[in-house]
Amino acid sequence: MPSPTTPEAAPADALVLYGQTFQSRLLLGTARYPSPAVLEAAVRRARPAMVTASLRRQGSNAAETGASFWELLRQLDVPVLPNTAGCHSVQEAITTAQMAREVFGTPWIKLELIGDDYTLQPDTLNLVTAAEQLIRDGFQVLPYCTEDLVLCQRLVDVGCQAVMPWAAPIGTGRGPVNPYALQLLRERLDVPMLVDAGLGLPSHACQVMEWGYDGVLLNTAVALASDPVAMAGAFADAVAAGRAARTAGAMTAQDAAQPSTPVLGTPFWHHDHG
Amino acid sequence: MNVFINQQPAELPAPATVADAVAHAGARPPFAVAVNLQFVPNTRYAAHPLQDGDRVEIIAPVTGG
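From first to last, the protein sequence lines are chains A and B. Each residue of the first sequence is one higher than the one before, counting from 1 in this note's numbering. Each residue of the second sequence is one higher than the one before, counting from 1001 in this note's numbering.
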């Protein structure tokens, strides 16, 4: 009997984005936690690949801004993924990204270009233009997009080495509302893809990882849980389980029952039992 | 001269630069600046002149998703 493979001996199954390797496939947002201490504990529990952050006018929200948050980011020692949340035009997104690069000292940017304030749906008609200009300017762009195949392909065409389709509108926690399109997108596009936004349960994260997505980015599902720290751990476990299942290769579903226990030698068995 | 700093009217002695606007706002690092929706690198604050009516944005890190 072969001995079981230890995790240490198993080949590394790391997430690679723009040539950089990450040990986790979970990216975690930093907003809406009950307190900075809970945020810190949640990040330490989840051990995410990156944490997201944003930029706002100084003093606009004292509880979530300023030196204390900056100090916390430094202490966490997790790569920061700044976003362009709230931007409604290409120029706003580009300027915000440039400001983020200077403040956070990183070329990574989660490109958010909002086209509709009610659903926070990405502006799919201008997203490619913004991504193209940012990539030309040296950014490593992770575009928040819809599950539209052609949009994602265009983003790849202009140099995005990964894309981040939504599962559902930001903050809804509904899970994948269009499973067919998300699965089809995964089959059609051969770049790293992270599901970003709309996840509410660890099972949602596990599901998209089983479909072959390379990672997930979420915030509200952890931050608004009754116990955000425990939920952070639950999502980390779910992402890892979904990835392991994808790698392991699932069985094909069958219509007819098949006994898993061998039939041969069943005691008390008679032909007339059918 | 009259400018806007984070959408608030501000009066600065002319001629003024981005460095003057930053000082007027009392901004403390870390922060970044844009003028009229154009990013201004921190190495350019003292050299970037402001015009009447310019819109200066000074932004800082916050939590985000």
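The beta carbon of each residue, even a glycine, is placed where N, CA and C say it ideally should be.
Does any CB atom of chain B fall closer than 8 Å to the CB of residue i?
{"i": "Ala164 (chain A)", "result": "Here the sequence assigns Met to residue 164 (chain A), which means Ala is not the residue at that position. False, the Cβ-Cβ gap to chain B never drops below 8 Å."}
{"i": "Val103 (chain A)", "result": "yes"}
{"i": "Ala85 (chain A)", "result": "yes"}
{"i": "Ala31 (chain A)", "result": "yes"}
{"i": "Gly200 (chain A)", "result": "no"}
{"i": "Gln91 (chain A)", "result": "yes"}
{"i": "Arg47 (chain A)", "result": "no"}
{"i": "Phe235 (chain A)", "result": "no"}
{"i": "Gly242 (chain A)", "result": "no"}
{"i": "Ile170 (chain A)", "result": "yes"}
{"i": "Leu26 (chain A)", "result": "no"}
{"i": "Thr95 (chain A)", "result": "yes"}
{"i": "Thr282 (chain A)", "result": "The first residue shown for chain A is 1 and the last is 274, placing residue 282 (chain A) beyond what the model contains."}
{"i": "Phe69 (chain A)", "result": "yes"}
{"i": "Gln140 (chain A)", "result": "no"}
Does the Cβ of residue i have 16 or more other Cβ atoms within 10 Å, making it buried, or fewer, making it exposed?
{"i": "Phe69 (chain A)", "result": "buried"}
{"i": "Trp269 (chain A)", "result": "exposed"}
{"i": "Ser260 (chain A)", "result": "exposed"}
{"i": "Ser203 (chain A)", "result": "exposed"}
{"i": "Arg74 (chain A)", "result": "exposed"}
{"i": "Asp123 (chain A)", "result": "buried"}
{"i": "Ala253 (chain A)", "result": "exposed"}
{"i": "Asp1052 (chain B)", "result": "exposed"}
{"i": "Arg154 (chain A)", "result": "buried"}
{"i": "Pro1015 (chain B)", "result": "exposed"}
{"i": "Val1003 (chain B)", "result": "buried"}
{"i": "Val1035 (chain B)", "result": "buried"}
{"i": "Met164 (chain A)", "result": "buried"}
{"i": "Leu217 (chain A)", "result": "buried"}
Tell me, please, which residues DSSP counts as bridged to residue i.
{"i": "Ala49 (chain A)", "result": "Beta-bridge pairing links Ala49 (chain A) to no other residue."}
{"i": "Val195 (chain A)", "result": "A:Val216"}
{"i": "Ile170 (chain A)", "result": "In the DSSP output, where bridge partners are listed per residue, Ile170 (chain A) has none listed."}
{"i": "Gln1051 (chain B)", "result": "According to DSSP, Gln1051 (chain B) bridges with nothing at all."}
{"i": "Arg1044 (chain B)", "result": "DSSP lists no partner for Arg1044 (chain B)."}
{"i": "Leu165 (chain A)", "result": "With the sequence shown as reference, residue 165 (chain A) is identified as Pro, and Leu is not the correct amino acid for it. Partner(s): A:Cys145."}
{"i": "Ile1068 (chain B)", "result": "Here chain B has residues from 1001 to 1065 only, and residue 1068 (chain B) is not among them."}
{"i": "Glu1011 (chain B)", "result": "B:Asn1002"}
{"i": "Thr21 (chain A)", "result": "A:Val16"}
{"i": "Val55 (chain A)", "result": "The sequence shown places Leu at residue 55 (chain A), rather than the Val named in the question. Looking at the DSSP assignment, Leu55 (chain A) forms a beta bridge with B:Pro1061."}
Shorter than 8 Å from the beta carbon of residue i to some beta carbon of chain A?
{"i": "Phe1004 (chain B)", "result": "no"}
{"i": "Leu1050 (chain B)", "result": "no"}
{"i": "Ala1060 (chain B)", "result": "yes"}
{"i": "Pro1009 (chain B)", "result": "no"}
{"i": "Gly1065 (chain B)", "result": "yes"}
{"i": "Ala1021 (chain B)", "result": "no"}
{"i": "Leu1037 (chain B)", "result": "yes"}
{"i": "Ala1047 (chain B)", "result": "no"}
{"i": "Pro1030 (chain B)", "result": "yes"}
{"i": "Ala1014 (chain B)", "result": "no"}
Indicate the three-state DSSP secondary structure (helix, strand or coil) for residue i in the structure shown.
{"i": "Glu327 (chain A)", "result": "The structure shown does not extend to residue 327 (chain A), since chain A is modelled only from 1 to 274, so the question has no answer here."}
{"i": "Ile109 (chain A)", "result": "strand"}
{"i": "Gly115 (chain A)", "result": "strand"}
{"i": "Gln183 (chain A)", "result": "helix"}
{"i": "Phe1031 (chain B)", "result": "coil"}
{"i": "Leu28 (chain A)", "result": "strand"}
{"i": "Pro262 (chain A)", "result": "coil"}
{"i": "Ala131 (chain A)", "result": "helix"}
{"i": "Val239 (chain A)", "result": "helix"}
{"i": "Phe139 (chain A)", "result": "coil"}
{"i": "Thr84 (chain A)", "result": "coil"}
{"i": "Pro228 (chain A)", "result": "helix"}
{"i": "Leu158 (chain A)", "result": "The question names Leu, but residue 158 (chain A) is Val in the sequence shown. Residue state, collapsed to three classes: coil."}
{"i": "Gln254 (chain A)", "result": "coil"}
{"i": "Pro202 (chain A)", "result": "helix"}
{"i": "Phe1039 (chain B)", "result": "strand"}
{"i": "Val1017 (chain B)", "result": "Residue identity check: residue 1017 (chain B) is Thr in the sequence provided, not Val. Three-state DSSP puts Thr1017 (chain B) in a strand."}
{"i": "Ala223 (chain A)", "result": "helix"}
query: For the 8 Å Cβ check, are there 3 or more pairs between the segment 1036–1052 of chain B and the segment 39–47 of chain A?
result: no
- prompt: So, do the segment 17–31 of chain A and the segment 182–190 of chain A have three or more beta carbon pairs nearer to each other than 8 Å?
  reply: Between the segment 17–31 of chain A and the segment 182–190 of chain A there are fewer than three inter-stretch CB-CB distances shorter than 8 Å, so the stretches are not counted as touching.
query: Touching or not, the segment 73–82 of chain A and the segment 101–115 of chain A, by the rule of three or more beta carbon pairs under 8 Å?
result: yes
message: Check whether the segment 241–253 of chain A and the segment 128–142 of chain A are in contact - that is, three or more C-beta pairs closer than 8 Å.
response: no
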